[in-house]
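Undergrad: Structure below; questions to follow.
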Amino acid sequence: MIGIVGIVIIFVMVFGGYILAGGKMGLILKALPFEMIMIGGAAIGAFVISNDMPGIKHTLKDVGKVFKGTKWKSDDYRDLLCLLFELIRIARSNPVALESHIEEPQDSSVFSRYPKILADNEAVALICDTLRSASMNYDDPHQVEEVLEKRIEANLHHSMHGTHALQSVADGLPALGIVAAVLGVIKTMGSIDQPPEVLGKMIGGALVGTFLGVFLAYGLVGPFAGKVQTVVEEDGHFYQLIREVLVANLYQHAPNICIEVGRQNTPGHCRPSFSDLEDALKAVKQEAA
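Just so we're on the same page, my numbering is the position in the sequence shown counted from 1, plus 49.
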């Protein structure tokens, strides 16, 4: 929703200011379709050239994040901490019982209580793979932490493809606007024998190309890329929290301490209060009893 508000503000401020200054929208509207074909078409073509099909789909999907915002909310972080608490308790009390949960998470009674987390393949894989490694006596906290860090970095790098692709388009739009403007000037020079009022409109139409390229780059596509990057980085904290809790578990801290480590590493605006988390953990214990 906030993304739509931002777009509305951009258009109102830019074109509203232009109209208030005495500008005429007729000239822009007349030239806009042709300039958009040249600039927008060239930008789309360059985007297709520089990306494969999975990259194109990834980027188009990421555009939705501008309007949807982050995937993981405050309740999801609390649920994640509760899920990890349950799994750690099972691992400590009955390692054999843990195996069924991490080998078949889709059929697990623990995972099924948290459907949003269960639907995220990477989060489930990260949890299950780490707990499986611990059950195989690969429990050196330093090594596991390093492996998890590299895995999370690789996933984050892949997730950043959309923002890099959008930023590349934004970087090229001003130059494409100049290309469209030059073509407009070439057209104008071919009609140099026309009256000044006709030439003025033709030059104005050519300059719409420069305006459109800069406007799209810095008013829309560039901010889209920045927003996608912010959302991806913020969602990445969810997986970082998994790492922090499971590494704390390898150090053999008490389950409550492991979860508190996770709570402290939760982003401030999503961090559950100590009392709220304590109530949620008590409810988990009662269900497990």
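Yeah, the Cβ is synthetic: ideal placement off N, Cα and C, and Gly gets one too. The model shown is predicted, which means the values in this text are computed figures rather than measured ones.
From which residue to which residue does the alpha helix (DSSP H) around Asn204 run?
TA: Position 155 of the sequence shown, counting from 1, holds the residue named residue 204. That run of the alpha helix (DSSP H) goes Pro190 to Ser208.
Undergrad: What three-state label does DSSP hand Gly71 in the structure shown?
TA: For the purposes of this step, residue 71 is taken as residue 22 along the sequence shown, with counting starting at 1. Three-state DSSP puts Gly71 in coil, outside helix and strand.
Undergrad: If distances are taken between C-alpha atoms only, which option among Ser240, Phe273, Gly226 and Ile151 comes closest to Thr259?
TA: Your numbering for residue 259 matches position 210 in the sequence shown. Residue Gly226 is the option with its Cα nearest to Thr259.
Undergrad: Could you round the C-beta distance between Gln216 and Gly271 to whole angstroms and report it? I think they count as a contact, below 8 Å.
TA: Along the sequence shown, read from residue 1 onward, the residue named residue 216 stands at position 167. Along the sequence shown, read from residue 1 onward, the residue named residue 271 stands at position 222. Confirmed, Cβ separation roughly 7 Å.
Undergrad: Check whether the segment 190 to 205 and the segment 239 to 250 touch, using three or more Cβ-Cβ pairs below 8 Å as the test.
TA: Cβ pair count under 8 Å is below three, so no.
Undergrad: Using a Cβ-Cβ cutoff of less than 7 Å, which residues in the same chain neighbour Ala329 once the five nearest sequence positions on both sides are dropped?
TA: To locate residue 329, count along the sequence shown from 1; it is residue 280. Same-chain partners within the cutoff: Arg127 and Cys131.
Undergrad: Taking the alpha helix (DSSP H) that Met50 belongs to, which residues open and close that run?
TA: The residue you call residue 50 lines up with position 1 of the sequence shown. Note, Met50: premise wrong, no alpha helix (DSSP H); not H, not E.
Undergrad: For Tyr267, does the three-state DSSP call read helix, strand or coil?
TA: Here residue 267 is taken as the residue at index 218 of the sequence shown, counted from 1. If DSSP states are grouped into helix, strand and coil, Tyr267 belongs with the helices.
Undergrad: Please go through the same chain and pick out, in chain order, the residues whose beta-carbon is closer than 6 Å to the beta-carbon of Gly268, but skip the five residues on each side of it.
TA: One-based indexing of the sequence shown puts residue 268 at position 219. Closer than 6 Å at Cβ, skipping near neighbours: Ile59.
Undergrad: What residues in its chain sit with their C-beta under 8 Å from that of Tyr300, if we drop five residues either side in the sequence?
TA: Residue 300 sits at position 251 when you count from the first residue of the sequence shown. Cβ within range, chain order: Pro190.
Undergrad: For the alpha helix (DSSP H) that contains Glu135, what are its first and last residues?
TA: In the sequence shown, residue 135 corresponds to position 86, counting from 1. Element bounds for Glu135: Ser123 to Ser142.
Undergrad: Rounded to the nearest angstrom, what separates Thr108 and Trp121 at their Cα positions?
TA: To locate residue 108, count along the sequence shown from 1; it is residue 59. To locate residue 121, count along the sequence shown from 1; it is residue 72. Answer to the nearest angstrom: the Cα atoms are 19 Å apart.
Undergrad: Short of 7 Å in beta carbon distance, which residues of its chain neighbour Leu76, apart from the five on each side in sequence? Order them along the chain.
TA: The residue given as residue 76 occupies position 27 in the sequence shown. Cβ within range, chain order: Lys250, Gly253 and Gly254.
Undergrad: Between the beta-carbon of Thr212 and the beta-carbon of Val294, is there less than 8 Å?
TA: The count along the sequence shown starts at 1 and reaches residue 212 at position 163. The count along the sequence shown starts at 1 and reaches residue 294 at position 245. Not in contact: Thr212 and Val294 (Cβ atoms no closer than 8 Å).
Undergrad: Roughly how many whole angstroms lie between the Cα atoms of His210 and Gly104?
TA: Walking along the sequence shown from the start, residue 210 turns up at place 161. Walking along the sequence shown from the start, residue 104 turns up at place 55. Rounded to the nearest angstrom, the two C-alpha atoms are 7 Å apart.
Undergrad: In terms of residue numbering, what span does the alpha helix (DSSP H) encompassing Gln313 cover?
TA: Counting from 1 along the sequence shown, the entry for residue 313 is found at position 264. Looking at the DSSP string, the run of the alpha helix (DSSP H) that includes Gln313 is Pro304 to Gln313.
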